[in-house]
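Colleague: Structure below; questions to follow.
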Amino acid sequence: MIDVKLLQKNFDETATALMRKKVSAETIAELKSANETLKSAKQAYETLQAKQNELSKLFGQYKKEGKSTDELKAEVDANKVTLGELLDAQRAAEEALDAIIMRVPNIPDADVPDGEDEESNVELRKVLTPPIFSFTPKEHWELAEQNGWIDFEKGVKLAKSRFSVVGGMGARLERALINFMLDFNRERGFEEYSVPMLVNRRALEGTGQLPKFEEDLFKVEEEELYLIPTAEVPLTNLFQDEILASADLPIKMTGYTSCFRKEAGSGGRDVRGMIRQHQFHKVELVAITTQDQSDTVFDEMVACASDLLAALGLPHRLVTLCTGDLGFGAARTVDLEVWLPGQNTYREISSVSNTRDFQARRAKIRYKEDGKNILAHTLNGSSLAVGRTMIAIMENFQQEDGSIIIPDVLQKYL
RNA sequence: GGAUAGAUGGCAGAGCUUGGUUUAAUGCACCGGUCUUGAAAACCGGCGAGGGUCAUACCUCCCAGGGUUCGAAUCCCUGUCUGUCCA
491 MIDVKLLQKN FDETATALMR KKVSAETIAE LKSANETLKS AKQAYETLQA
541 KQNELSKLFG QYKKEGKSTD ELKAEVDANK VTLGELLDAQ RAAEEALDAI
591 IMRVPNIPDA DVPDGEDEES NVELRKVLTP PIFSFTPKEH WELAEQNGWI
641 DFEKGVKLAK SRFSVVGGMG ARLERALINF MLDFNRERGF EEYSVPMLVN
691 RRALEGTGQL PKFEEDLFKV EEEELYLIPT AEVPLTNLFQ DEILASADLP
741 IKMTGYTSCF RKEAGSGGRD VRGMIRQHQF HKVELVAITT QDQSDTVFDE
791 MVACASDLLA ALGLPHRLVT LCTGDLGFGA ARTVDLEVWL PGQNTYREIS
841 SVSNTRDFQA RRAKIRYKED GKNILAHTLN GSSLAVGRTM IAIMENFQQE
891 DGSIIIPDVL QKYL
């Protein structure tokens, strides 16, 4: 959630920044006026409430002194009616503001490049050189089926399309990858957590998935619980409603969970193979920092994910997302794209974002500094989507006969 | 599933029977100071959150939501969660 006060204090600058994220001028104007309406509604209510409190105190005093309270009561009763009306007005104003602001995305950092879509993303650097094959490299679904690692039909039998079953060496590789990533992250100072994969509405509002992206979440019937789309949700919300000591920051966390997404908007994209599944495994990095620390920790997280890929021997590139490609809550994002020889292209395998205080404001994550409570900064990043890492391993380390060489660093985990 | 007890500030814990200077005692923790070579102890002071204001004032919050009342942490109802017992 953005800070509405910015709009009040610094309208032009804030509006311009929001428009970079395609927020319409009308929405911005509505936001401002909704906030002003709320402010004056509050003021009206509170002024009368103060009066009422005073009269009530008098009432007690009169009773004690044996004075007549008839006149007082008449006044208080009259106020009560008005007070009810004012309260209704205030609530309506609150709801109106909420309806708008909960759907307004974060303000991008000033140095984030402008652009409509991924075409305008800016490459930061490439790491490792894509392998050259003496044969035509296959795509991962061919390799997966040939090696008996992944069974797409069984996934459909058990659930529906976009589900798959991993078996044999594939299953062992999956487990090895998870363990390798967690150990790697722990060595970089990220503490490991194992968290619920079902969370309540409040948590999803805290990290920004709700209310706007309800259609992309799997919901448990009659339970008000949702399957998490990413471990970012439980990990970040671990500190929901808390005031942390600044000495305890940064808090750096890692965790492995399954993730569940309806992929509502992704139509026919990536239906083949396991690039885009309803259920996938991911090791996540999350950090809660002071406002001063977040840039440094952001770099650490990017480096952590990139070094992990490098340790696996996977060629990849780092890309700064332009405004049009930036997610809802992110102020800046660096994507890591791994080289897929079968597809002859780089594909996203990790995404590291700094949300600044956008999530912290919603989730009420604060820290105390010099006696003041300050909104924390929250960051998240995939320390690799496991399925996509498997794809990358298959495609990059395939041999002419379709067999796959597993990276050395994983050997001890198999 | 049934019964029962409970939910108060970072934690512990009073207040609820008898509704009215209770935002809420007290202890611990924490912060600042005095003392000390330094530290501990002792003593003095501060110490919940959100909104609002230049700053005050003021408003809201004692699990959540309703209700009773001039007035609710305190009374009533509903829900959620936790403990204990029963099946």
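The numbering of the first sequence is our numbering, which starts it at 491 and goes up by one. Just so you know, even glycine gets a beta-carbon here, dropped at the ideal spot from N, CA and C.
1. From the DSSP output, which residues share a beta bridge with residue 829?
2. Ignoring anything shorter than 3 residues or poking outside the stretch 621 to 688, list the beta strand (DSSP E) runs there in chain order.
3. Could you tell me how far apart the beta carbons of residue 515 and residue 903 are, in whole angstroms, since I believe they sit closer than 8 angstroms?
4. Under the three-state reduction of DSSP, which class applies to residue 518: helix, strand or coil?
5. Kindly list the residues whose CB is nearer than 7 angstroms to the CB of residue 687, restricted to its own chain and excluding five residues on each side of it in sequence; keep chain order.
6. Classify residue 863: buried if its beta carbon has 16 or more other beta carbons within 10 angstroms, exposed otherwise.
7. Are the stretch 640 to 647 and the stretch 844 to 864 touching, with three or more C-beta to C-beta distances below 8 angstroms?
8. Does the pairing of the stretch 763 to 777 with the stretch 576 to 596 give three or more beta-carbon distances under 8 angstroms?
9. Using the three-state DSSP reduction, which class does residue 861 fall into: helix, strand or coil?
10. Leaving out five residues before and five after residue 877 in sequence, what residues of the same chain have Cβ atoms less than 6 angstroms from its Cβ?
11. Classify residue 625: buried if its beta carbon has 16 or more other beta carbons within 10 angstroms, exposed otherwise.
12. Taking C-beta to C-beta, are residue 633 and residue 803 nearer than 7 angstroms?
13. Take the Cβ of residue 681 as the centre, count every other Cβ of all protein chains shown within 10 Å, and call the residue buried at 16 or more, exposed below.
14. Helix, strand or coil, according to DSSP, for residue 727 in the structure here?
15. Please check the pair residue 828 and residue 614, which I expect to be a contact at CB under 8 angstroms, by giving their CB distance rounded to whole angstroms.
16. Residue range of the alpha helix (DSSP H) that residue 745 falls in?
17. Could you tell me the distance, in whole angstroms, from the CA atom of residue 640 to the CA atom of residue 630?
18. Hey, is the stretch 867 to 882 in contact with the stretch 831 to 849, meaning 3+ C-beta pairs nearer than 8 angstroms?
19. Need the endpoints of the beta strand (DSSP E) that residue 873 sits in, please.
20. Is the stretch 648 to 663 close to the stretch 672 to 679, with three or more CB pairs under 8 angstroms?
21. Throw me the rounded Cβ distance for the residue 607 and residue 813 pair, which I believe falls under 8 angstroms.
22. Go ahead and pull the three-state DSSP assignment for residue 513.
23. Quick one, are the C-beta atoms of residue 511 and residue 595 less than 7 angstroms apart?
24. What are the uninterrupted segments assigned as beta strand (DSSP E) that are 3 or more residues long and contained completely in the stretch 756 to 832, given in chain order?
25. Leaving aside the five residues before and after residue 884 along the sequence, list all residues of the same chain whose C-beta is less than 6 angstroms from its C-beta, in chain order.
26. Return the residue from the list 711, 706, 861 that minimises the CA-CA distance to residue 734.
27. Per DSSP, residue 894 is paired with what?
28. Any idea if residue 504 is buried or exposed, counting beta-carbon neighbours within 10 angstroms, 16 or more meaning buried?
29. Return the chain-ordered list of same chain residues with a C-beta closer than 8 angstroms to the C-beta of residue 549, the five sequence neighbours on each side being excluded.
30. For residue 890, which of 850, 724, 637 has the nearest alpha-carbon?
31. Could you tell me which residues DSSP pairs with residue 613 in its beta bridges?
32. Where residue 710 and residue 783 are concerned, what is the direct C-alpha to C-alpha distance, given to the nearest angstrom?
Modeller: Taking the geometry as given:
1. Locating residue 829 in the first sequence gives position 339, counting from the first residue. Per DSSP, 836.
2. Inside the stretch 621 to 688, DSSP marks whole beta strand (DSSP E) runs of 3 or more residues at positions 681 to 683, from first to last along the chain.
3. Working through the first sequence from its first residue, we reach residue 515 at position 25. Working through the first sequence from its first residue, we reach residue 903 at position 413. At roughly 54 angstroms, the Cβ-Cβ gap does not stay under 8 angstroms, so residue 515 and residue 903 are not in contact.
4. Numbered from its first residue, the first sequence carries residue 518 at position 28. Reduced to three states, the DSSP call for residue 518 is helix.
5. Position 197 of the first sequence, counted from the first residue, corresponds to residue 687. Counting only residues of its own chain and dropping the five nearest sequence neighbours on each side, residue 687 has a CB closer than 7 angstroms to the CB of 717, 718, 747, 748.
6. As a position in the first sequence, residue 863 is number 373, starting the count at 1. Result: exposed.
7. Between the stretch 640 to 647 and the stretch 844 to 864, the count of Cβ pairs shorter than 8 angstroms is below three; the stretches do not touch.
8. no
9. Residue mapping note: residue 861 aligns to position 371 of the first sequence, counting from 1. Secondary structure at residue 861: coil, using DSSP grouped into helix, strand and coil.
10. Here residue 877 corresponds to residue number 387 of the first sequence, with the count starting at 1. Excluding sequence neighbours, residue 877 sits near 764, 770.
11. As a first step, residue 625 is located in the first sequence; it is residue number 135 there, counting from the start. Counting Cβ neighbours within 10 Å, residue 625 comes out exposed, since fewer than 16 surround it.
12. Counting from 1 along the first sequence, the entry for residue 633 is found at position 143. Counting from 1 along the first sequence, the entry for residue 803 is found at position 313. No; because the gap between Cβ atoms is not below 7 angstroms, this pair is not in contact.
13. Locating residue 681 in the first sequence gives position 191, counting from the first residue. Flag for residue 681 reads exposed.
14. Numbered from 1 along the first sequence, position 237 holds the residue referred to as residue 727. In this structure, residue 727 counts as helix in the three-state DSSP scheme.
15. For the purposes of this step, residue 828 is identified with residue 338 of the first sequence, where counting begins at 1. For the purposes of this step, residue 614 is identified with residue 124 of the first sequence, where counting begins at 1. Between residue 614 and residue 828 the Cβ distance is about 15 angstroms, and since that is not below 8 angstroms, they are no contact.
16. To locate residue 745, count along the first sequence from 1; it is residue 255. No alpha helix (DSSP H) contains residue 745, which is instead part of the beta strand (DSSP E) from 741 to 750.
17. Here residue 640 refers to the residue found at position 150 of the first sequence. Here residue 630 refers to the residue found at position 140 of the first sequence. Distance between the alpha carbons of residue 640 and residue 630 is about 10 angstroms.
18. yes
19. Numbered from 1 along the first sequence, position 383 holds the residue referred to as residue 873. Looking at the DSSP string, the run of the beta strand (DSSP E) that includes residue 873 is 867 to 875.
20. no
21. In the first sequence, the residue the question calls residue 607 occupies position 117. In the first sequence, the residue the question calls residue 813 occupies position 323. Not a contact, Cβ separation roughly 10 angstroms.
22. Mapped onto the first sequence, residue 513 falls at position 23. Residue 513 falls in the coil class under three-state DSSP.
23. Translated into positions along the first sequence, residue 511 becomes position 21. Translated into positions along the first sequence, residue 595 becomes position 105. Yes, the pair counts as a contact, with Cβ atoms nearer than the cut-off.
24. 769 to 779, 806 to 810, 822 to 830
25. Looking up residue 884 in the first sequence gives position 394. The answer, listed in chain order, is 630, 633, 894.
26. If you number the first sequence from 1, residue 734 lands on position 244. Closest by alpha carbon: 861.
27. The residue labelled residue 894 in the question sits at position 404 within the first sequence. According to DSSP, which records beta bridges pairwise, residue 894 is partnered with 888.
28. As a first step, residue 504 must be located in the first sequence, where it is residue number 14. Buried, by the Cβ-count rule.
29. To locate residue 549, count along the first sequence from 1; it is residue 59. Excluding sequence neighbours, residue 549 sits near 559, 562, 563, 566.
30. Numbered from its first residue, the first sequence carries residue 890 at position 400. Per the Cα distances, 637.
31. As a working note, residue 613 is residue 123 in the first sequence. Residue 613 has 809 as its beta-bridge partners, per DSSP.
32. Residue mapping note: residue 710 aligns to position 220 of the first sequence, counting from 1. Residue mapping note: residue 783 aligns to position 293 of the first sequence, counting from 1. Their Cα atoms are separated by approximately 37 angstroms.
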